[in-house]
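Colleague: Taken in order, these protein sequences are the chains called G and H. Note that the working numbering has the first sequence beginning at 13, numbered continuously upward. Note that the working numbering has the second sequence beginning at 98, numbered continuously upward. One structure coming up, written as structure tokens, with questions to follow.
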Amino acid sequence: MSTLEIRDLHVEVETESGPKEILRGVDLTVSSNETHAIMGPNGSGKSTLAYSIAGHPKYTVTQGEVLLDGENVLEMAVDERARAGLFLAMQYPVEVPGVSMSNFLRSAATAVRGEAPKVRHWVKEVKSAMTDLEIDPTFAERSVNEGFSGGEKKRHEVLQLSLLKPKFAVLDETDSGLDVDALRIVSKGVNDYKAQSDVGVLLITHYTRILRYISPDRVHVFVNGRVAESGGPELADELEANGYERFTSAKEEQPA
Amino acid sequence: MTPPQNEPAAQVGGGVISAPADSAEEYDPGIAAASPPASRPGSPALAPWEERFTSYDVEAFEVPRGREEQWRFTPLRRLHGLHDGSATADGEVEFTVRSGFGDSASDDLGGVRVEHAERGDARLGDGGVPADRVAAQAWSSFTTATVVTVAQARSDDEPLTVQVEGPGVGKTAFAHLQIRLERHAEAVVVVDHRGSGTVAANTELVVADGAKLEIVEVHDWADDAVFVGAQHLSVGRDATIRYTSVTLGGDLVRLSPVVNYRATGGDVQLDGLYFADGGQHLEHRLLVDHSVPSCRSNVMYKGALQGADGDTAAHTVWIGDVLIRKEAEATETFELNRNLLLTDNARADSVPNLEIETGEIVSAGHASATGRFDDEQLFYLMARGIPEEQARRLVVRGFFGEVIHKIRVPALRDRLEAAIEAELEVVGA
């Protein structure tokens, strides 16, 4: 049983007109076997939350902490966080020319597991995970994400999820840019990993569409850099019906 | 983790041009800038495919002062007098030709002829004529040329290795190598340069109709070495040359390959890989002269630079001149140069020049980009648990992979990959 605890997290980015605060005190706790959906309008800071947890150098944490079973991950380097059991499925996976997917996956698995997987088992494991995600085997020899379509990139993010077996997975708009078939395959991949592990999931999304495939235990509405309201799955239904207006207009009524 | 201010301060240029260029200035005429007074003795030998100034005679060229287009990037005082006539030969460059590469090489050349030719041998100059003073100095000063002739199609599994050994510390030598492929011959050749000293050289690659040459020129010189070389590529009808230069070692290495198409259907790939440490000056100046119709050229040079703090900067220069003459219809050409700055103390000059005198071409384009290490790539790999040092290696190996993977000699690929790993060890990148 693990816990990912985000406490009073403040994050800023450097802009042309100086530092700008994006996260303004995020509080959120996710436990093993739970799926939390974070929903919010564009620009509310959802992706900043995802990248800050993973440790992207562009974001500066000015206050607060992120604790994984009591250990502050903000003091860890990016790779240490991954080895500690955090995983970020990115909205825009990065192309790495000249590095083959198979070499990348094996390097990552070796790092996260602490030893190189046995070749025969590994080949089988990758093959089977690729089959589940309906990924053509030829992708293994292609450069990481290079020339992949949006859907192919997202499938490979979920492939990495299933091979690296994190304790907590942050899925940043994994549904964006996917057609119905791809969304079904990707969601199934996430659900399969949930079923065979104790993973806690932080599912960041703009739309309720993916929640039809991956059902959340908790839903948080994210507005203006913090959690504005939390509730059960019924909160997503309300957002589906009414959009974010109630939350964004409430924000505007407050003095800036 | 690299600090966030490490933004890709990149200079990016590029474009695809499919119509005649409207400005002739875009083409850098450094190749014409050396015109001496017409009255000078030993007047230039002007081949029909070249109107730029060329000559076998060193005295036909002015002594460069450093401001000339051809020489403006080169630190002349580090040439040990190769450019001003003060260098005198007191050593020899040794050429050894073997069949195979590395440990498996043998002396049984299976029909390949290796000859020592005297100056005046009619074959010399078939590749091209010197276009700068140092190349002309080498031509005027060598004692014996080595001519390697391949008459048949050799198997890819049996590369030829030409081992080139420098004259030794403090010594100077002038060298001449010609590799000839007769009609429909095929060969994979590795020209492996090592050792110490100061060398000016001409290398002629004469590839007859329908022949196919894959050649990798490796410059793995010792730290003191200075090498200034002109490579003359002569491409026959429907002939193919895949030329790769790998420049790793040496205090100063300057290579000037020129592609001369002799008839239609020629196909040339020029690839390059260079890795400069602090204090090294590695310069590549290319000219692809599309003077006949229906030929192709594709250029891809990739460089990495790392100057240690407080050391002299690592410096690389890449000049890519592509000329499509009026008569060169149906030309297809593309050139690319990418430089990866691994540390701050490094300078990469990159100048692609494309001059197009006819609109009746298939395509022409160029691209150049110089940037710092891509932090997004690093983040992505590290976010999957891969430690920073290993992530950097993966990215650099990937960056050069495009060049290395095309090399058809497995043992050489292994050696180059190991050499790049060793370079990265130097600054613990």
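The beta-carbon is built from N, C-alpha and C at its ideal position, and this holds for glycine as well. None of the values given here were measured: they were computed from a predicted structure.
From the DSSP secondary-structure annotation, give me the bridge partner or partners of residue 84/G.
Modeller: As a position in the first sequence, residue 84/G is number 72, starting the count at 1. Answer is 79/G, bridged to residue 84/G.
Colleague: Cβ of residue 119/H less than 8 Å from any chain G Cβ?
Modeller: Numbered from 1 along the second sequence, position 22 holds the residue referred to as residue 119/H. Since pLDDT at residue 119/H reaches only 32, below the 50 mark, its modelled position is unreliable, and the value read off the structure follows with that caveat. No - not a single Cβ of chain G is within 8 Å of the one on residue 119/H.
Colleague: Could you spell out the range, first to last residue, of the beta strand (DSSP E) harbouring residue 290/H?
Modeller: Here residue 290/H refers to the residue found at position 193 of the second sequence. It spans 283-291 - the beta strand (DSSP E) in which residue 290/H sits, taken as one unbroken run.
Colleague: Just to confirm, are residue 218/H and residue 242/H a CB contact at a threshold of 8 Å?
Modeller: Counted from its first residue, the second sequence places residue 218/H at position 121. Counted from its first residue, the second sequence places residue 242/H at position 145. Contact flag set, yes.
Colleague: Just the C-alpha distance for residue 170/G and residue 156/G, rounded to the nearest angstrom, thanks.
Modeller: Within the first sequence, residue 170/G is the residue found at index 158, counting from 1. Within the first sequence, residue 156/G is the residue found at index 144, counting from 1. Taking the straight line from one Cα to the other gives about 14 Å.
Colleague: Check whether the segment 367-382 of chain H and the segment 414-423 of chain H touch, using three or more Cβ-Cβ pairs below 8 Å as the test.
Modeller: yes
Colleague: In chain order, what are the residue ranges of uninterrupted beta strand (DSSP E) at least 3 long that sit wholly in the segment 358-433 of chain H?
Modeller: Counting only runs of 3 or more, we get 364-374, 378-387, 393-403, 411-421.
Colleague: Cβ atoms of residue 355/H and residue 313/H: under 8 Å apart, would you say?
Modeller: Here residue 313/H refers to the residue found at position 216 of the second sequence. Here residue 355/H refers to the residue found at position 258 of the second sequence. Result no, Cβ atoms of residue 313/H and residue 355/H do not sit closer than 8 Å.
Colleague: Roughly how many angstroms lie between the CA atoms of residue 282/H and residue 142/G, to the nearest whole one?
Modeller: Taking the first residue of the second sequence as 1, we reach residue 282/H at position 185. Taking the first residue of the first sequence as 1, we reach residue 142/G at position 130. Rounded to the nearest angstrom, the two C-alpha atoms are 45 Å apart.
Colleague: Going by DSSP, name the residue or residues bridged to residue 299/H.
Modeller: As a first step, residue 299/H is located in the second sequence; it is residue number 202 there, counting from the start. Answer by DSSP bridge pairing, in chain order: 273/H, 327/H.
Colleague: Quick one: does residue 30/G have its CB under 8 Å from some CB of chain H?
Modeller: The residue given as residue 30/G occupies position 18 in the first sequence. Not closer than 8 Å to any Cβ of chain H, the Cβ of residue 30/G fails to qualify, so no.
Colleague: Given that a residue counts as buried once 16 or more other Cβ atoms are within 10 Å of its Cβ, and exposed if not, what is residue 336/G?
Modeller: There is simply no residue 336/G to check, as chain G begins at 13 and stops at 268 in what is shown.
Colleague: Using a Cβ cut-off of 8 Å, which residues of the segment 477-510 of chain H contact any Cβ in chain G, in chain order?
Modeller: 477, 478, 479, 480, 481, 482, 483, 484, 485, 487, 488, 491, 492, 494, 495, 496, 497, 498, 499
Colleague: Taking its Cβ as the centre, do 16 or more other Cβ atoms sit within 10 Å of residue 286/H, making it buried, or is it exposed?
Modeller: For the purposes of this step, residue 286/H is identified with residue 189 of the second sequence, where counting begins at 1. So residue 286/H counts as buried.
Colleague: For residue 91/G, return the contacting residues in chain H, with the cut-off set at a CB-CB distance below 7 Å.
Modeller: Here residue 91/G is taken as the residue at index 79 of the first sequence, counted from 1. Simply 479, 482, 483, 484, 485.
Colleague: Using DSSP bridges, identify the partner residues of residue 346/H.
Modeller: Taking the second sequence and counting its residues from 1, one reaches residue 346/H at position 249. Bridge partners of residue 346/H: 317/H.
Colleague: With a threshold of 16 other CB atoms inside 10 Å of the CB of residue 337/H, please say whether the residue is buried or exposed.
Modeller: As a position in the second sequence, residue 337/H is number 240, starting the count at 1. Counting Cβ neighbours within 10 Å, residue 337/H comes out buried, since at least 16 surround it.
Colleague: Residue 197/G and residue 167/G - do their beta-carbons sit closer together than 8 Å?
Modeller: Residue mapping note: residue 167/G aligns to position 155 of the first sequence, counting from 1. Residue mapping note: residue 197/G aligns to position 185 of the first sequence, counting from 1. Less than 8 Å divides the Cβ of residue 167/G from the Cβ of residue 197/G.
Colleague: Hey, out of 482/H, 500/H, 491/H, 239/H, whose CA is closest to residue 177/G's CA?
Modeller: Locating residue 177/G in the first sequence gives position 165, where the first residue counts as 1. When each option's Cα is compared against that of residue 177/G, the closest is 482/H.
Colleague: Measure the alpha-carbon distance for residue 341/H versus residue 395/H and round it to whole angstroms.
Modeller: Here residue 341/H is taken as the residue at index 244 of the second sequence, counted from 1. Here residue 395/H is taken as the residue at index 298 of the second sequence, counted from 1. Taking the straight line from one Cα to the other gives about 12 Å.
Colleague: Under 8 Å Cβ-Cβ, which residues of chain G neighbour residue 366/H?
Modeller: As a working mapping, residue 366/H is identified with position 269 in the second sequence. Within chain G, no residue comes near residue 366/H; the closest Cβ sits about 18 Å away, beyond 8 Å.
Colleague: When DSSP labels each residue in this structure, what does residue 127/G get in the three-state scheme?
Modeller: The count along the first sequence starts at 1 and reaches residue 127/G at position 115. Note: residue 127/G maps to coil in three-state DSSP.
Colleague: For residue 254/H, count the other beta carbons within 10 Å of its own beta carbon; 16 or more makes it buried, fewer makes it exposed. Which is it?
Modeller: As a working mapping, residue 254/H is identified with position 157 in the second sequence. It is exposed - the Cβ of residue 254/H has fewer than 16 other Cβ atoms within 10 Å.
Colleague: Is it buried or exposed, residue 46/G, if we count other Cβ atoms within 10 angstroms and call 16 or more buried?
Modeller: In the first sequence, the residue the question calls residue 46/G occupies position 34. Buried.
Colleague: Assign residue 507/H to one of three DSSP states: helix, strand, or coil.
Modeller: Residue numbering aside, residue 507/H sits at position 410 when the second sequence is read from its first letter. Three-state DSSP puts residue 507/H in a helix.
Colleague: To the nearest angstrom, how far is it from the Cα of residue 316/H to the Cα of residue 361/H?
Modeller: Along the second sequence, one-based indexing puts residue 316/H at 219. Along the second sequence, one-based indexing puts residue 361/H at 264. Using only the alpha carbons, I get a separation of about 32 Å.
Colleague: Which residue's Cα is closest to the Cα of residue 527/H: 259/H, 290/H, 347/H, 296/H?
Modeller: As displayed, chain H neither begins before 98 nor continues past 526, which places residue 527/H out of reach and without an answer.
Colleague: Out of 263/H, 425/H, 197/H, which has the shortest C-alpha to C-alpha gap to residue 326/H?
Modeller: Position 229 of the second sequence, counting from 1, holds the residue named residue 326/H. Per the Cα distances, 263/H.
Colleague: CA-CA distance, residue 269/H and residue 178/H?
Modeller: What you label residue 269/H is simply residue 172 of the second sequence in a count that begins at 1. What you label residue 178/H is simply residue 81 of the second sequence in a count that begins at 1. Residue 269/H and residue 178/H: Cα-Cα distance of roughly 10 Å.
Colleague: Residue range of the alpha helix (DSSP H) that residue 51/G falls in?
Modeller: The sequence position of residue 51/G within the first sequence is 39, counting from 1. From DSSP, residue 51/G is part of no alpha helix (DSSP H) but of the beta strand (DSSP E) over 47-51.
Colleague: Between residue 473/H and chain G, is any beta-carbon pair separated by less than 8 Å?
Modeller: What you label residue 473/H is simply residue 376 of the second sequence in a count that begins at 1. Yes, its Cβ sits closer than 8 Å to a Cβ of chain G.
Colleague: For residue 16/G, does the three-state DSSP call read helix, strand or coil?
Modeller: Numbered from 1 along the first sequence, position 4 holds the residue referred to as residue 16/G. Residue 16/G: strand per DSSP, three-state reduction.
Colleague: On a CA-only basis, which of 453/H, 333/H, 389/H is nearest residue 223/H? Give me that one, please.
Modeller: For this step, residue 223/H is matched to residue 126 along the second sequence. Ranking 453/H, 333/H, 389/H by Cα distance to residue 223/H puts 333/H first.
Colleague: For residue 200/G, which of 220/G, 175/G, 189/G, 226/G has the nearest alpha-carbon?
Modeller: The residue given as residue 200/G occupies position 188 in the first sequence. The candidate whose alpha carbon is nearest that of residue 200/G is 226/G.
Colleague: Whole angstroms are fine: how far does the CA of residue 393/H sit from the CA of residue 364/H?
Modeller: Along the second sequence, read from residue 1 onward, the residue named residue 364/H stands at position 267. Along the second sequence, read from residue 1 onward, the residue named residue 393/H stands at position 296. Approximately 5 Å between the Cα atoms of the pair.
Colleague: In whole angstroms, what is the alpha-carbon distance linking residue 318/H and residue 66/G?
Modeller: On the second sequence, position 221 is the one that residue 318/H refers to. On the first sequence, position 54 is the one that residue 66/G refers to. Between residue 318/H and residue 66/G, the C-alpha separation is close to 44 Å.
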